[in-house]
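Colleague:
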Amino acid sequence: MSITDTFVQATGIQARIDAVLAKTPTGLLIDGQWRDASDGGTFEVENPATGEIIATLASATRKDSQAAMDAAAEAQESWARTPARERSEILRRAFDLVHERSSDLALLMTLEMGKPLAEAAGEVRYGGEFLRWFAEEAVRDYGRYQDAPEGTLRMLVRHQPVGPCLLITPWNFPLAMATRKVAPAVAAGCTMVLKPARLTPLTSQYFAQIMLDAGLPAGVLNVVSSKSASDVSEPIMADPRLRKVSFTGSTPVGKQLMKLATDNVLRTSMELGGNGPLIVFEDADIDKAVSGAMAAKMRNMGEACTAANRLLVHASVVDEFIEKMAESMASLTIGNGVEDGVTVGPLVEARARDSMEAFVTDAVERGAQIVTGGKRVDGPGYFFEPTLLRDVPADARAVREEIFGPVAPVVTFTDEDEAVSIANSTEYGLASYVFTENLSRGLRIGDRLEFGLMGLNVGVISNAAAPFGGVKQSGLGREGGAEGLSEYTTTQYIGIENPWG
Ligand code: NAD
Numbered sequence: 022m023s024i025t026d027t028f029v030q031a032t033g034i035q036a037r038i039d040a041v042l043a044k045t046p047t048g049l050l051i052d053g054q055w056r057d058a059s060d061g062g063t064f065e066v067e068n069p070a071t072g073e074i075i076a077t078l079a080s081a082t083r084k085d086s087q088a089a090m091d092a093a094a095e096a097q098e099s100w101a102r103t104p105a106r107e108r109s110e111i112l113r114r115a116f117d118l119v120h121e122r123s124s125d126l127a128l129l130m131t132l133e134m135g136k137p138l139a140e141a142a143g144e145v146r147y148g149g150e151f152l153r154w155f156a157e158e159a160v161r162d163y164g165r166y167q168d169a170p171e172g173t174l175r176m177l178v179r180h181q182p183v184g185p186c187l188l189i190t191p192w193n194f195p196l197a198m199a200t201r202k203v204a205p206a207v208a209a210g211c212t213m214v215l216k217p218a219r220l221t222p223l224t225s226q227y228f229a230q231i232m233l234d235a236g237l238p239a240g241v242l243n244v245v246s247s248k249s250a251s252d253v254s255e256p257i258m259a260d261p262r263l264r265k266v267s268f269t270g271s272t273p274v275g276k277q278l279m280k281l282a283t284d285n286v287l288r289t290s291m292e293l294g295g296n297g298p299l300i301v302f303e304d305a306d307i308d309k310a311v312s313g314a315m316a317a318k319m320r321n322m323g324e325a326c327t328a329a330n331r332l333l334v335h336a337s338v339v340d341e342f343i344e345k346m347a348e349s350m351a352s353l354t355i356g357n358g359v360e361d362g363v364t365v366g367p368l369v370e371a372r373a374r375d376s377m378e379a380f381v382t383d384a385v386e387r388g389a390q391i392v393t394g395g396k397r398v399d400g401p402g403y404f405f406e407p408t409l410l411r412d413v414p415a416d417a418r419a420v421r422e423e424i425f426g427p428v429a430p431v432v433t434f435t436d437e438d439e440a441v442s443i444a445n446s447t448e449y450g451l452a453s454y455v456f457t458e459n460l461s462r463g464l465r466i467g468d469r470l471e472f473g474l475m476g477l478n479v480g481v482i483s484n485a486a487a488p489f490g491g492v493k494q495s496g497l498g499r500e501g502g503a504e505g506l507s508e509y510t511t512t513q514y515i516g517i518e519n520p521w522g
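Sequential numbering of the sequence shown, starting at 22, is according to the numbering used here.
1. DSSP has residue 182 in a bridge; who is on the other side?
2. At a threshold of 7 Å, does residue 293 count as lining the ligand NAD (C-beta to nearest heavy atom)?
3. With a floor of 3 residues, list each beta strand (DSSP E) that falls wholly inside the segment 410 to 475, ordered by position along the chain.
4. I want to check one thing, is the minimum distance from the CB of residue 338 to the heavy atoms of the ligand NAD below 7 Å?
5. Residue 435: buried (16+ other C-beta within 10 angstroms of its C-beta) or exposed?
6. May I ask you to report which of helix, strand or coil DSSP gives residue 343?
7. Counting C-beta neighbours from all protein chains within 10 Å, is the total for residue 22 16 or more, i.e. buried, or is it exposed?
8. Taking the beta strand (DSSP E) that residue 163 falls in, what are its first and last residues?
9. The alpha helix (DSSP H) that contains residue 112, what's its start and end?
10. Residues in the same chain with beta-carbon distance under 8 Å from residue 231, minus the five sequence neighbours each way, listed in chain order, please.
11. Can you tell which of 508, 429 and 292 has the C-alpha that lies nearest to the C-alpha of residue 316?
12. Give me the Cα-Cα distance between residue 298 and residue 517, rounded to the nearest whole angstrom.
13. For residue 176, verify whether its CB is less than 7 Å away from any heavy atom of the ligand NAD.
14. Sorted by chain position, which residues of the same chain lie with C-beta nearer than 8 Å to residue 373's C-beta, five sequence neighbours on each side aside?
15. Would the beta-carbon of residue 441 fall within 8 Å of that of residue 410?
16. Just the C-alpha distance for residue 349 and residue 145, rounded to the nearest angstrom, thanks.
17. In the DSSP assignment, find the beta strand (DSSP E) that holds residue 298 and state where it starts and stops.
18. Give a yes or no on whether the minimum CB-CB distance between residue 458 and chain C is below 8 Å.
19. How about residue 101 and residue 182: do their beta carbons lie closer than 8 Å?
20. Using a Cβ distance threshold of 8 Å, determine whether the segment 127 to 135 contacts the segment 476 to 488, with at least three qualifying pairs required.
21. Here's a check: name, in chain order, each residue in its chain whose Cβ is nearer than 7 Å to the Cβ of residue 172, leaving out the five neighbours to either side.
22. Where in the segment 38 to 87 do unbroken runs of the beta strand (DSSP E), each at least 3 residues long, occur, reported from the N-terminal end onward?
23. To the nearest angstrom, how far is the alpha carbon of residue 446 from that of residue 504?
24. What ranges does the beta strand (DSSP E) occupy inside the segment 191 to 225, keeping only unbroken runs of at least 3 residues that lie completely in it?
25. With a CB to CB cut of under 6 Å and the five nearest residues on each side skipped, what residues in its chain are close to residue 275?
26. How would you call residue 396, buried or exposed, if buried means at least 16 neighbouring beta carbons within 10 angstroms?
27. State the CB to CB distance for the pair residue 52 and residue 105, rounded to an integer number of angstroms; the pair is presumed to be in contact (CB under 8 Å).
28. On the premise that residue 320 lies in contact with residue 288, defined as a C-beta separation below 8 Å, what is that separation, rounded to the nearest angstrom?
29. Between residue 362 and residue 127, what straight-line distance do the alpha-carbon atoms span, to the nearest angstrom?
30. Mind listing, in chain order, the continuous beta strand (DSSP E) runs of no fewer than 3 residues lying wholly within the segment 276 to 341?
31. With a Cβ-Cβ cutoff of 8 Å, do residue 246 and residue 277 count as a contact?
32. Taking Cβ to Cβ, would you say residue 391 is nearer than 8 Å to residue 398?
33. Compute the Euclidean distance between the alpha carbons of residue 248 and residue 64, then round it to the nearest angstrom.
34. Sort 108, 418 and 340 by Cα distance to residue 376 and report the nearest one.
35. Taking 7 Å as the cut-off, is the C-beta of residue 319 nearer than that to any heavy atom in the ligand NAD?
36. Note down the Cα distance separating residue 458 from residue 351, rounded to an integer number of angstroms.
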């Protein structure tokens, strides 16, 4: 009997797991009804901590995707006319329901994605905030009325919903990536088809039922989980009634979708990959930098687009930083995220775990040293030790590519120009972090970093009220903040004859 089995029996958590899985819809949500796939097809969801199959879901076909698009198009006009206050109150009720059902949502995320329960609970709070924030924004989307400079016209400028949207989400934050798109779309008056990631659809299925329970009318939100992403995206992207695609995921898939979007000149929001630098200057508070680096690197087992991919540390403080960082990493507890005290769950699938091994092998072959960790952990489940690497050369894959796991390469620099140059030497531009006790230097570095987001002396900056998004190949558009709503609206101008003639 494994430690996990003993734990499960001792705590009775299996009963809770069975109960939450029984409550989670397994069908496709089309026009307000949960239904089977048109060909009866299904796919399975695995728990990455145990390798067990935990659910079997309907797998949308091209025909189902078309039906979902039909439902979204049909519902668009009446939904756009629904008063903003009504849309806002649906979001507010959904926020309350997410909180009432937070332990179900957190458990589902741990089961399908692997993050420890405490982190999953944190995501419920963060993800839920988008519902509350956009409930508040829905009624504050102001237009304007002005005179033409020549006095010939009066000008009425107003915002309208973009129209039906395709929303595609990744597996790493199963709730927050869905609410970050669904909430502003609801607030703006758009209908939508949501395609969750194949590896983690259960949280979205459960969340969609919350939206129905909160009073969202049939057809506004349609959910088509599927084993085939292209069976969903291709028919919908080719449909002339679609007006927008909002995608969060890898840069290569984002580029493919952008190409498809050109045919119908779709609005696009792209939240793509990252290769975030975390820069520790010689005047940093090293304890603060270590705790920031731990948060930025180890949150979500490193499977975050905002992860500190590369730790750039000034040569004069690198030994102290590495010693403290190694101690913190080695003190983490690896295990099944449902167990008390576990701080590092599994990687999401075997391939992700294997890729950590490849990053470490490549770095070591190029001269890096392993300070702590460096190995896979025997299964079941796809675990990898939190790993700190030092003296990592610039050509190592771990420095050039998005790692998406618990491997932290340390690179040394000697002055500000060199730090900025290393940080910017990537095609990505999402999150960056700077640690210095000199505020002017922190702001100056902010001016020079080519990144959409920067944390100054802090390792976690995501917030529903902040505009989140990247530059360069990390994407287009912003989610959250006031900007998040404007991604789902279009501006109409009505020129009116001068009432004075
Ligand atoms: P992915 O690109 O493999 O998949 C993302 C989504 O796209 C999934 O739902 C997947 O099923 C779907 N998909 C895959 N191929 C598709 C296709 N041809 N057409 C349409 N849809 C398709 O990414 P992932 O592995 O799920 O997520 C990890 C990536 O997401 C990382 O690169 C990470 O940085 C990025 N990410 C970015 C942000 C951000 O806000 N910038 C947030 C989270 C994750």
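Each residue gets a CB set at the ideal place from its N, CA and C atoms; glycine is no exception.
Modeller: The short version:
1. Here residue 182 is taken as the residue at index 161 of the sequence shown, counted from 1. Per DSSP, 510.
2. The residue given as residue 293 occupies position 272 in the sequence shown. At a cut-off of 7 Å, the beta-carbon of residue 293 counts as near the ligand NAD: some heavy atom of the ligand is closer than that.
3. Restricted to the segment 410 to 475, the beta strand (DSSP E) segments that are unbroken, complete and at least 3 residues in length are 428 to 434 and 452 to 456, listed in chain order.
4. Indexing the sequence shown from 1 puts residue 338 at position 317. The nearest non-hydrogen atom of the ligand NAD is 7 Å or more from the C-beta of residue 338.
5. Working through the sequence shown from its first residue, we reach residue 435 at position 414. Around the C-beta of residue 435, fewer than 16 other C-beta atoms lie within 10 Å, and the residue is accordingly described as exposed.
6. One-based indexing of the sequence shown puts residue 343 at position 322. Here residue 343 sits in helix by DSSP.
7. Position 1 of the sequence shown, counting from 1, holds the residue named residue 22. Residue placement at residue 22 is flagged as unreliable, the pLDDT there being 39, under the threshold of 50; the coordinate-derived value follows with that caveat. Exposed, because fewer than 16 other Cβ atoms sit within 10 Å of the Cβ of residue 22.
8. Locating residue 163 in the sequence shown gives position 142, counting from the first residue. In the DSSP annotation of this structure, residue 163 is not part of any beta strand (DSSP E), being labelled neither H nor E.
9. Counted from its first residue, the sequence shown places residue 112 at position 91. Per DSSP, residue 112 belongs to the alpha helix (DSSP H) from 105 to 121.
10. Residue numbering aside, residue 231 sits at position 210 when the sequence shown is read from its first letter. If we look at residue 231 and ignore the five residues flanking it on each side, its Cβ neighbours are 115, 118, 119 and 122.
11. Translated into positions along the sequence shown, residue 316 becomes position 295. Out of 508, 429 and 292, 429 has the C-alpha closest to the C-alpha of residue 316.
12. Walking along the sequence shown from the start, residue 298 turns up at place 277. Walking along the sequence shown from the start, residue 517 turns up at place 496. Taking the straight line from one Cα to the other gives about 52 Å.
13. For the purposes of this step, residue 176 is taken as residue 155 along the sequence shown, with counting starting at 1. Residue 176 Cβ: outside cutoff for every heavy atom of the ligand NAD.
14. Start at 1 with the first residue of the sequence shown, and residue 373 comes out as number 352. Answer for residue 373: 324, 403, 425 and 426, listed in chain order.
15. Indexing the sequence shown from 1 puts residue 441 at position 420. Indexing the sequence shown from 1 puts residue 410 at position 389. For residue 441 and residue 410, no; Cβs fall outside 8 Å.
16. For the purposes of this step, residue 349 is identified with residue 328 of the sequence shown, where counting begins at 1. For the purposes of this step, residue 145 is identified with residue 124 of the sequence shown, where counting begins at 1. So the alpha carbons of these two residues sit roughly 26 Å apart.
17. Start at 1 with the first residue of the sequence shown, and residue 298 comes out as number 277. Run containing residue 298: 297 to 301, per the beta strand (DSSP E) assignment.
18. No chain C appears in the structure shown, which is made up of a single protein chain.
19. The residue given as residue 101 occupies position 80 in the sequence shown. The residue given as residue 182 occupies position 161 in the sequence shown. Yes.
20. no
21. Within the sequence shown, the letter at position 151 stands for residue 172. Contacts found: 519.
22. 49 to 51, 54 to 56, 63 to 67 and 74 to 79
23. The residue labelled residue 446 in the question sits at position 425 within the sequence shown. The residue labelled residue 504 in the question sits at position 483 within the sequence shown. Roughly 28 Å separates the two Cα atoms.
24. The segment 191 to 225 contains these whole beta strand (DSSP E) runs: 213 to 216.
25. Residue mapping note: residue 275 aligns to position 254 of the sequence shown, counting from 1. These residues qualify, in order along the chain: 268, 291 and 293.
26. In the sequence shown, counting from the first residue as 1, residue 396 sits at position 375. Exposure of residue 396 is indicated by the presence of fewer than 16 other C-beta atoms within 10 angstroms of its C-beta.
27. What you label residue 52 is simply residue 31 of the sequence shown in a count that begins at 1. What you label residue 105 is simply residue 84 of the sequence shown in a count that begins at 1. At roughly 23 Å, the Cβ-Cβ gap does not stay under 8 Å, so residue 52 and residue 105 are not in contact.
28. The residue labelled residue 288 in the question sits at position 267 within the sequence shown. The residue labelled residue 320 in the question sits at position 299 within the sequence shown. No, residue 288 and residue 320 are not in contact; Cβ-Cβ is about 31 Å, not under 8 Å.
29. Taking the sequence shown and counting its residues from 1, one reaches residue 362 at position 341. Taking the sequence shown and counting its residues from 1, one reaches residue 127 at position 106. In this model, residue 362 and residue 127 are separated by some 16 Å (Cα to Cα).
30. 288 to 292, 297 to 301 and 329 to 335
31. What you label residue 246 is simply residue 225 of the sequence shown in a count that begins at 1. What you label residue 277 is simply residue 256 of the sequence shown in a count that begins at 1. No; because the gap between Cβ atoms is not below 8 Å, this pair is not in contact.
32. As a first step, residue 391 is located in the sequence shown; it is residue number 370 there, counting from the start. As a first step, residue 398 is located in the sequence shown; it is residue number 377 there, counting from the start. Their beta carbons are not under 8 Å apart, which means residue 391 does not touch residue 398 by this criterion.
33. By 1-based counting over the sequence shown, the position of residue 248 is 227. By 1-based counting over the sequence shown, the position of residue 64 is 43. Using only the alpha carbons, I get a separation of about 6 Å.
34. Taking the sequence shown and counting its residues from 1, one reaches residue 376 at position 355. Cα-wise, what sits closest to residue 376 is 418.
35. Here residue 319 refers to the residue found at position 298 when the sequence shown is read from its first residue. Residue 319: no, Cβ never under 7 Å from the ligand NAD.
36. As a position in the sequence shown, residue 458 is number 437, starting the count at 1. As a position in the sequence shown, residue 351 is number 330, starting the count at 1. Computed Cα separation, rounded: 27 Å.
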